[in-house]
Each structure stands twice: as structure tokens, then as C-alpha cells.
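Undergrad: Chains E and Y are the protein sequences, given in the same order. To convert, take the position in the first sequence, counting from 1, and add 10; that gives this note's numbering. To convert, take the position in the second sequence, counting from 1, and add 10; that gives this note's numbering. Glycine included, C-beta positions come from ideal geometry on N, C-alpha and C.
2 protein chains.
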Amino acid sequence: MYDQKWKMVPGGITAPKGFLAAGMAAEVRKRGRRDLALLYSEAPAAAAALFTQNQVQAAPVLVTREHLMQTEGQARAVVVNSGIANACTGERGIADARRMAEVAGEALKVPPQQVIVASTGVIGEYLPMEKIEAGIRKAALALSVDGGGAAAEAILTTDTTTKECAIRLPLGDKEVTVGGIAKGSGMIHPNMATMLAFITTDAVVEVPALQQALRWATDRSFNVITVDGDTSTNDMVVLLANGRAGNSPLTAGDPEFTLFRDALLAVCVELSKMIASDGEGASKLLEVRVKGAPGEAEARKIARAVAGSNLVKAAIFGEDANWGRVLSAAGACGVPFDPNLVDVFLGDLQVAARGMGLAFDEEKARSILSQREVTITLDLHSGGGRGTAWGCDLSFDYVRINAHYRT
Amino acid sequence: MYDQKWKMVPGGITAPKGFLAAGMAAEVRKRGRRDLALLYSEAPAAAAALFTQNQVQAAPVLVTREHLMQTEGQARAVVVNSGIANACTGERGIADARRMAEVAGEALKVPPQQVIVASTGVIGEYLPMEKIEAGIRKAALALSVDGGGAAAEAILTTDTTTKECAIRLPLGDKEVTVGGIAKGSGMIHPNMATMLAFITTDAVVEVPALQQALRWATDRSFNVITVDGDTSTNDMVVLLANGRAGNSPLTAGDPEFTLFRDALLAVCVELSKMIASDGEGASKLLEVRVKGAPGEAEARKIARAVAGSNLVKAAIFGEDANWGRVLSAAGACGVPFDPNLVDVFLGDLQVAARGMGLAFDEEKARSILSQREVTITLDLHSGGGRGTAWGCDLSFDYVRINAHYRT
């Protein structure tokens, strides 16, 4: 999906011009690890955001939504803590989230409404506000163009690796960069946004076009990953565009908008695959490709259902070529199709044709399933719709991690 | 939910008058265990059935559906094999399922269309028809009023216990019995029916009323259990009423029909709890009760979502009172409610009030969670709807069993 003229560049969210970041150890819940991130745009930035569709929405989600309504999509900073989700914390939680924005606003000399707030971690505990406030002030002093990596680290919970990437591309006679960081791990079955992802760009983009691009890219990236089928209370993806690239403003429908949107999608897909690959307890990245579906949305729905099936995930963990579970999971997700037309492939090995098993080479199947990345392809032969979803295997470690997460 | 005049009786599907059963070792896939069940009604029986909503439907599901249409809901026998599901087997699979009915019909001297066929086991393999045919003939000779237990055994796959129950109740001046057997274990997230359940009654019931009662009871029992969120290709629940009790015919709307329906529900709930309790790798039965919901269907939907959350299930396995996951799972299932009104209880210990955590006794919580049966109650304070669902914990053994099921 990458254009030849694009290049991957280091730096994550600070790769685009005019963004500074920092990651601090505020000791929210544990000592000695970064747990507070701050992102700052030197210029006013257009902001687009998508939030969890869970009925239970954490205080930072409610406060950020309010801020973006008040500013009509303008933002200058993002403040994030990990360790405690500030969810199910009532009025006090709302006040705490507002206070995070206030303190960041004071430190950065921007209005608090232009600060986006996010939290991730345990549900139902209050934030230690003294530590958080001190952390924010320290972070404001530490902001730097090299701080993207520290910020990427500070938003993690049970993640085992940081998740960041950036792409630089020519746009008209300018050069534009899109960069992002994310955290994932568990409670990952995003609906409208993933657990947390922050994306920056120096492109000049109008707010409506920015929101449209983010929704389009999210539907094809964060919204098609799944680790455990559980949708979080804190899901949020935020995209800031500060215009420092100086390109002519992008509006929906421009050919250059399409180019930008594709680059944004590439960043979102990279982050999504990193999240799926680092799913709690995961030992493998699972990519499910569906083609020949009635439509694109149907293809993605089937792909995500297969990637989310506990039985498929356990079979991938066990390196067992159990294609029947793949077909069964596809058939149960509510999309109508004719099972007698379906072909199934593991990697490039066809294991079922027209809904029935083939006498395939078990050795070859096992070797394909033993890789770190496994691709399952379903061809429904029922239309032109294509879609991909990402997930991971279901391992003993998923159970171990989640049996005692809180205590 | 039990009426004082009811009594639990032994015998399962052969507890009602006029039903005979047998369970044989046909060696479908493994030696030395029962894997073929036959049920026979001495009198013509009205039949009601519900089938999987999976797009991928096994051959026996298609053939049984066809038979019941041809006979307009009359049946004399049920033949079931375990070990191989006869799913994703194309034309040959259909022919094999038809042949099972033919052989049973010949042996029992009833038309093949009056034979219901079911299979459960591995997807994508063909049935060893010689062994199956010999097994059916042997079973026909072994039919007995004491054969319910052997039949209950023969339909199991990775189940660790048989699942059968029967209730006897006065109805008018007669006595009516409802009995059933089921198999569950994995791929359990039924939609319209569970993996396999067969219920018999000697009540006289009209076919439309019988179908209505079965749908009503299934929505409140089999359709609210979940083991792993995977809906099988072979789900089927069948109810046969042979009229041997001699009561006046039951039609929908009669007070006696309501009594019968309640007894049917009690049998279905017992079997459902046995299935959930014996879910693959399960160490605990999880009962989730929702009250104060906008409606009954909404209450059941939330209850099932909580019972089906991998994160809730892993926390129950780990005996961790992680009520935040309970609220998050409820909020993500698509039913609108105000999270700020919700109370959460573990057993009789309240752990959250109005959407926020309480300072509860962790010792007491741990002791409640260490029981073999754990009840979680959510009160939404948003209406009069009540509903219950059943599930089990997510353990290391679930992963172990499913990593290498096929091989």
C-alpha cells in the first residue's frame, strides 16, 4: 500500500514539523516507569478525534469531546497518563480530567479548552492528582523535538513494545509528514477508535476534511483490529494538523487530499498492526484478508470476526490448520454469503475450496503457522468487496495476564 | 423458578412416557466410547426445532429442516453421531445425512422423513458411513426405556459430563413429564439453539404451540449461554411431544400451556447451566443477572455480553473482583443505558454504586469468587427488564484444549 515516493522516517509524533513531546515518570501507579505524556504543537492545529462507542465513557473522553466542541476542532496540546483510566469515577473524575487540561494549559500558556486529555489503565480508581500535576509541569519543561519516543513509552500499560511510526511524502511542491503513536494490549476491539492513538501532521488540512480522513482511515485500521473482543471505555484516536508544511489547504475531493488520506491510512495501519501484534499474551500477528465479498464493509466485518474468534485464535496458537473454525466464524458474523463458494488459504496454501476441505500438505501448513505472522485469506466469490483485519493468537499468557490484572 | 408441585425425576429423554433410547460405540473417530445415539417415540410425535443461524450450516441441519417441512412437524426418531460434524462436506455430506435417516427409518419401520438427524464434532471430514450404519442398526435393537443415559453420553465430544434432566408436573388431571439431554463444551454461543439439545415430552401439544414454547424457552436458556462466543455450524434443539400423557391438547394462551412452557423452560435452563458449567476448560459457572433494564431482551443481551467477555471471564478465573470490566462489557454491547445509575454486585456483595466503585471487603470478594458458582448482578435502574445469562471462566485449559483440537 505504500507509494514509492513515500519514506518511513523516525520520530513518531514529533516527526512532522512543529510538534514537541515529552514522557515523564509521574508515579501514577508504579515507580520507575514513564506514565505521563505531553504533546505540544508550536502552531494552532486543526484537530479531529474519534471516541469509544461504549456506553460507559471515561472522564477524559467526555472532557475532550467537550473541549473540541467548544473550540470547533482547534487544539494545541495533548496530555495523557497511563496506569489509571479515570473511568467510572463520577464527578470527581470529570473534575480531575479538567484539572489535567488546566495545568497543562497554564504550563504551555494555551487555553485549557485547547488541551486534549486521555487516560488508560485500571477502571474505577481516582487519579493521584498531586503526582499528575507535578508530572505535567515537569513534562512541559522537557518538551523536545526528540521527545516522541518518550511519549510513546509513557502511554503504554501492559504493552511490551512502543508503537510509533511516521511517513514523509511529497504533496504538491511541499513535503508533508504524518506521524503517530499508539498503545494497545488488552480490551482491544475498538469501535470508532482504538484504546489510544495520537497522530500528528504538518499538513494544512481543513477541520471537516481532517475529520473525514480520520474516520475513513480508522474504519480501515484501528476499527478492524481485535485482541479480545472487549471494547474499552477510554478508546480515543486524535489527529492534529498544524499546517507547518505550508502546502495549499487540503479539502475533501482534492487529488492531494486523497494522497494525504492514503498516507494517514498507512500510518494508522502500521500502528494497528503493532497493536495487534503486541496483543496481551500474543505470540503471533494474525492478518485476515477477505475478498469476493458483497461489499467492502462486509469484507471487513467478516475479516474481523475471523480474527476475533477465540477458537481460530487458539488454533493459531497451537499451529493447527483448523480451517473449519475459520469458515464457521465467518458464517456466524451476520453477513450473508454462500458457504459453498468459499475458498480458504493459509498463507499461499489453499486448504478449502468451495466450502470443502482439500487434502493439503499438513507439513507445509504447520510451517506456515509456525511463522511470527500468519495470513488467512477467504475468497467468498460473491462480489468485489475486499477487506483486511488484524488480530493475534490466544495464548496461555493472555489468561495469565488477565486473571490477575487488577490485584 | 420451580413450582412446588413439580418434581425432578431421573431418566432424561426417556423419562416421559413412550420414549426409548440407546447409545452405542460406532467408532466414528475413536474406539471404545459411545458416539451414536438413537431416540424413538412409540407414538407419532409433534416436533418443534430451532437451528443455528450460522451461514455455514452442516448437512444434518439442512436435512432435518427439510424433513420437518415435509412432515409439517411430525417425527418418530432422532439419530445423532458425535466425533464428526458432517459440516463443510458438500453433496456427499447431504447424501450421508439422508442415508443416516434412511437406515434408522428401515430399522425402526418409520418413514425416513420422520427421522431427525444431527451430528457434532470436527468440521470438514466425511462420516465413516459403514460404521455409522452398523451403529444405527445395533442401536435400534438396543432401544430401551433405560437408554436415556447412554444416549446422553453418546452425543458428547470434549464435554466432561453428561447433561440430562427431567421434570414431572401435574397438568389438569394428568401428569406430564418433560425430559432433555444436551451436549456443549466449545463453540458455544448459540443463536436460536445450542450445539445439540433433544427434549421429549409426553404432553399433548399442537405443533404451532410446541414451536412457540420452544422458541420462548430457548431465548431464555440456550440462547443466553456462552462459552467462547463462537456460534457452531451444527446447533440444533429439538422438542418431541408424543401425547402419551393424555392431557387435553395444549394450545397457546391456555393457562395449562403456560404451565407446560414454564416446565419446558426449567428443563432448558438446567441443561443450559450444565453446558455453561462444563464449558471447555471451565472451572466455574458464571451467572449474570441484569435487572432494571429498559426491557427483557435488553437485559438478556447485556447479561450475555458480560458473561461472554474474555476479560471478565479471565478475572473470574483469577478470582479478581474487577468490576470495571463488568461495566465496560455491559456498555459495549449496544444497549443504551446511563452508566451513572448502575449498581454492581458479586454474589450479595455490592462493589459499585451509581457507576462508581465502593470500598468493599476484598477478602469477602475473594471468598465469593472462589466458589464453584459465581453470580454477578447489575442493576441498571433504567426500567423493569430482567434477564439472566450463563457462562464460565476462561482458563489455561480452554487454550490448551483448543490449540490442538483437530490434530
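Could you tell me which chain E residues have their CB closer than 8 Å to the CB of Thr349(Y), listed as they occur along the chain?
TA: With the sequence shown as reference, residue 349(Y) is identified as Pro, and Thr is not the correct amino acid for it. Chain E residues near Pro349(Y): Gln65, Val66, Gln67 and Cys98.
Undergrad: Rounded to the nearest angstrom, what separates Gly145(E) and Val186(E) at their Cα positions?
TA: Rounded to whole angstroms, Gly145(E) to Val186(E) spans 32 Å at the Cα level.
Undergrad: Taking the continuous beta strand (DSSP E) assigned at Ile126(Y), which residues delimit it?
TA: Note, Ile126(Y): beta strand (DSSP E), Val125 to Val132.
Undergrad: I want to see whether chain E comes within less than 8 Å of His414(Y), judged by CB atoms only; does it?
TA: Yes, its Cβ sits closer than 8 Å to a Cβ of chain E.
Undergrad: Just grab the DSSP bridge partners of Asn91(Y) for me.
TA: BP columns for Asn91(Y) point to Leu46(Y) and Ser129(Y).
Undergrad: Run down chain E in chain order and give the residues with a C-beta less than 9 Å from the C-beta of Ile133(Y).
TA: Per Cβ cutoff of 9 Å: Asn332, Trp333, Gly334, Arg335, Leu337, Ser338 and Gly367.
Undergrad: Any beta carbon from chain E within less than 8 Å of Ala399(Y)'s own beta carbon?
TA: Taking Cβ atoms only, chain E never reaches closer than 8 Å to Ala399(Y), which makes this a no.
Undergrad: Run through chain Y and tell me which residues come within less than 9 Å of Asp238(E), C-beta to C-beta.
TA: The answer, in chain order, is Ser319, Asn320, Leu321 and Ala324.
Undergrad: Which word fits Met366(E), buried or exposed, when buried means at least 16 other C-beta atoms lie within 10 angstroms of its C-beta?
TA: Classification of Met366(E): buried, given that the 10 Å Cβ count is 16 or more.
Undergrad: What do you get for Gln14(E), buried or exposed, if any count of 16 or more other CB atoms within 10 angstroms of its CB means buried?
TA: Exposed, since its Cβ has fewer than 16 Cβ neighbours within 10 Å.
Undergrad: So, at 8 Å on beta carbons, what are the nonlocal neighbours of Phe61(E) in its own chain, with the 5 sequence-adjacent residues on each side left out?
TA: Closer than 8 Å at Cβ, skipping near neighbours: Gln67, Val71, Thr74, Arg75, Met202, Ala203, Asp245 and Met246.
Undergrad: Return the chain-ordered list of same chain residues with a C-beta closer than 8 Å to the C-beta of Leu274(E), the five sequence neighbours on each side being excluded.
TA: Same-chain partners within the cutoff: Val188, Ile209, Thr211, Ala223, Leu224, Ala227 and Leu249.
Undergrad: Within the continuous beta strand (DSSP E) that includes Pro180(Y), where are the two ends?
TA: Unbroken beta strand (DSSP E) run through Pro180(Y): Lys173 to Leu181.
Undergrad: Report all residues from its chain with a CB closer than 8 Å to the CB of Cys175(E); omit the five preceding and five following residues, and keep chain order.
TA: For Cys175(E), where only same-chain residues beyond five positions count, the Cβ hits under 8 Å are Met18, Gly22, Gly189, Gly190, Val277, Glu280, Leu281 and Met284.
Undergrad: Please name the residues in the segment 221-247 of chain Y whose beta-carbon is closer than 7 Å to at least one beta-carbon of chain E, in chain order.
TA: If the cut-off is 7 Å between Cβ atoms, the segment 221-247 of chain Y has Asp238, Gly239, Asp240, Thr241, Ser242 and Thr243 near chain E.
Undergrad: DSSP state of Ser231(E), grouped into three classes?
TA: Here Ser231(E) sits in coil by DSSP.
Undergrad: Smallest Cα separation from Ala31(Y): which of Val322(Y), Ile165(Y) and Leu388(Y)?
TA: Ala31(Y) has its Cα closest to that of Ile165(Y), out of Val322(Y), Ile165(Y) and Leu388(Y).
Undergrad: From the DSSP secondary-structure annotation, give me the bridge partner or partners of Cys402(E).
TA: Leu295(E).
Undergrad: For Ala152(E), collect the residues of the same chain with a Cβ closer than 7 Å to its Cβ; drop the 5 residues on either side in sequence, then sort them by chain order.
TA: Counting only Cβ-Cβ distances below 7 Å, and skipping sequence neighbours, we find Ala32 and Met34.
Undergrad: Buried or exposed, going by whether 16 or more other CB atoms sit within 10 Å of the CB of Pro20(Y)?
TA: Exposed.
Undergrad: Between the beta-carbon of Ala97(Y) and the beta-carbon of Thr241(Y), is there less than 8 Å?
TA: Cβ atoms of Ala97(Y) and Thr241(Y): not closer than 8 Å.
Undergrad: Return the CA-CA distance between Phe406(E) and Val155(Y), expressed in angstroms with no decimal places.
TA: The straight-line gap from Cα to Cα measures roughly 45 Å.
Undergrad: Using a Cβ-Cβ cutoff of less than 6 Å, which residues in the same chain neighbour Pro122(E) once the five nearest sequence positions on both sides are dropped?
TA: Only Ala111, Glu112 and Gly115 meet the Cβ criterion.
Undergrad: Measure the beta-carbon distance from Tyr50(E) to Ala107(E) and round it to whole angstroms, keeping in mind my assumption that it falls under 8 Å.
TA: So it is not a contact: roughly 18 Å between Cβ atoms.
Undergrad: Rounded to whole angstroms, what is the Cα-Cα separation between Ala325(Y) and Pro138(Y)?
TA: Going by the C-alpha atoms only, they are around 42 Å apart.
Undergrad: Taking the C-alpha atoms as reference points, what is the distance between Ile94(E) and Ala207(E)?
TA: C-alpha separation (whole angstroms): 17 Å.
Undergrad: With 16 as the cutoff for other CB atoms within 10 Å, does Lys311(E) come out buried or exposed?
TA: Buried.
Undergrad: Over the uninterrupted beta strand (DSSP E) stretch that includes Thr187(Y), give me the two end residues.
TA: Taken as a continuous stretch (DSSP letters only), the beta strand (DSSP E) holding Thr187(Y) covers Lys184 to Lys193.
Undergrad: Going straight from the alpha carbon of Arg271(E) to that of Ala105(E), what length do you get?
TA: In a straight line, the C-alpha of Arg271(E) is about 36 Å away from that of Ala105(E).
Undergrad: For Gln124(Y) and Ile142(Y), what's the separation of their Cα atoms in angstroms?
TA: Their Cα atoms are separated by approximately 19 Å.
Undergrad: In terms of residue numbering, what span does the beta strand (DSSP E) encompassing Ile386(E) cover?
TA: Where Ile386(E) is concerned, the enclosing beta strand (DSSP E) stretches over Glu383 to Asp389.
Undergrad: Run through chain E and tell me which residues come within less than 7 Å of Val409(Y), C-beta to C-beta.
TA: Neighbours of Val409(Y) on chain E, chain order: Ala324, Phe327, Leu404, Ser405, Phe406 and Val409.
Undergrad: Assign Pro26(E) to one of two classes, buried (16 or more other C-beta atoms within 10 Å of its C-beta) or exposed (fewer than that).
TA: Classification for Pro26(E): buried.
Undergrad: Once DSSP output is grouped into helix, strand and coil, what is the label at Ile165(E)?
TA: Three-state result, Ile165(E): coil.
Undergrad: When the distance is taken between beta carbons, is Arg335(Y) closer than 8 Å to Ile350(Y)?
TA: One detail in the question is off: residue 350(Y) reads as Asn in this sequence, not Ile. For Asn350(Y) and Arg335(Y), no; Cβs fall outside 8 Å.
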